[in-house]
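A.B. asks: In this note's numbering, the protein residues as written are 140 to 279. Heads up, the beta-carbon is just placed ideally off N, CA and C, and yes, glycines get one too.
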Amino acid sequence: EELAGRLSRGNLKCNLKHGDEFMAAALEKHIFICATNVIGQLNGGVSFGEVYSTKYAEQRNELIDEMVAAGSKKVGVTLQPGTADRLAAYAASVADFPTGVKEFEWRNGWFCDISKKAMEAGEKDPMPFHTEALTTLGVL
């Protein structure tokens, strides 16, 4: 809150979130970086902005939907409707940023662990597109 006050005095915006609201925002940001990088790399290394073009909408939305469902269940929060739209709006602000699947352990690896644990428990992979994409990219 002190930092938010300082930023405000400099005419900078800072949204404070607590509890489940914070966890939902953190999950959404995590989904953004993980899904955007995977879709970008599946399509030849296109930029963040290109990932959010209509050309990749079907792939992107399938992956985001998988991650929202599995991630929400894992952390026990519900994301507000419009996640894909919010991610697209953010992508526009970093449109030229290059994609790359990196920092695997704490990025996409977190989602892979959800899939792994589900399958070890005899359940279906909750993110089959994610698993297939990472296999195609040679990450798994």
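1. With a threshold of 16 other CB atoms inside 10 Å of the CB of Ser254, please say whether the residue is buried or exposed.
2. First and last residue of the alpha helix (DSSP H) that includes Leu202?
3. Please name the residue, chosen from Ala257, Leu273, Leu155, that lies closest to Glu140 on a Cα-to-Cα basis.
4. Identify every run of the alpha helix (DSSP H) within the segment 222-256, keeping only runs that are complete inside it and at least 4 residues long; order them along the chain.
5. For my contact list, Gly184 and Thr238 are in at a C-beta cut-off of 8 Å; report their separation, rounded to the angstrom.
6. Round the Cβ separation of Leu202 and His157 to the nearest angstrom and send it over; I've been treating them as touching at under 8 Å.
7. Within the continuous alpha helix (DSSP H) that includes Gly179, where are the two ends?
8. Residue range of the alpha helix (DSSP H) that Gly261 falls in?
9. Taking Met206 as the reference, give the member of Leu166, Thr193, Phe236 with the closest Cα.
10. Assess contact between the segment 215-224 and the segment 246-253, defined as three or more Cβ pairs (one per stretch) separated by less than 8 Å. Is contact present?
11. What are the boundary residues of the alpha helix (DSSP H) that Glu140 is part of?
C.D. replies: According to the data block:
1. One-based indexing of the sequence shown puts residue 254 at position 115. It is buried - the Cβ of Ser254 has at least 16 other Cβ atoms within 10 Å.
2. For the purposes of this step, residue 202 is taken as residue 63 along the sequence shown, with counting starting at 1. Taken as a continuous stretch (DSSP letters only), the alpha helix (DSSP H) holding Leu202 covers 196-214.
3. Taking the first residue of the sequence shown as position 1, residue 140 is located at position 1. Nearest C-alpha to Glu140: Leu155.
4. 222-232
5. Mapped onto the sequence shown, residue 184 falls at position 45. Mapped onto the sequence shown, residue 238 falls at position 99. About 6 Å; that satisfies the 8 Å criterion.
6. Sequence index remark: in the sequence shown, residue 202 carries index 63 (1-based). Sequence index remark: in the sequence shown, residue 157 carries index 18 (1-based). Not quite, the Cβ-Cβ distance comes to about 29 Å (not below 8 Å), so this is no contact.
7. By one-based count along the sequence shown, residue 179 stands at place 40. Run containing Gly179: 158-181, per the alpha helix (DSSP H) assignment.
8. As a working mapping, residue 261 is identified with position 122 in the sequence shown. Under the DSSP assignment, Gly261 falls outside any alpha helix (DSSP H); it carries neither an H nor an E label.
9. Walking along the sequence shown from the start, residue 206 turns up at place 67. The shortest Cα separation from Met206 among Leu166, Thr193, Phe236 belongs to Leu166.
10. no
11. Taking the sequence shown and counting its residues from 1, one reaches residue 140 at position 1. Premise fails: Glu140 is in no alpha helix (DSSP H) and is neither H nor E.
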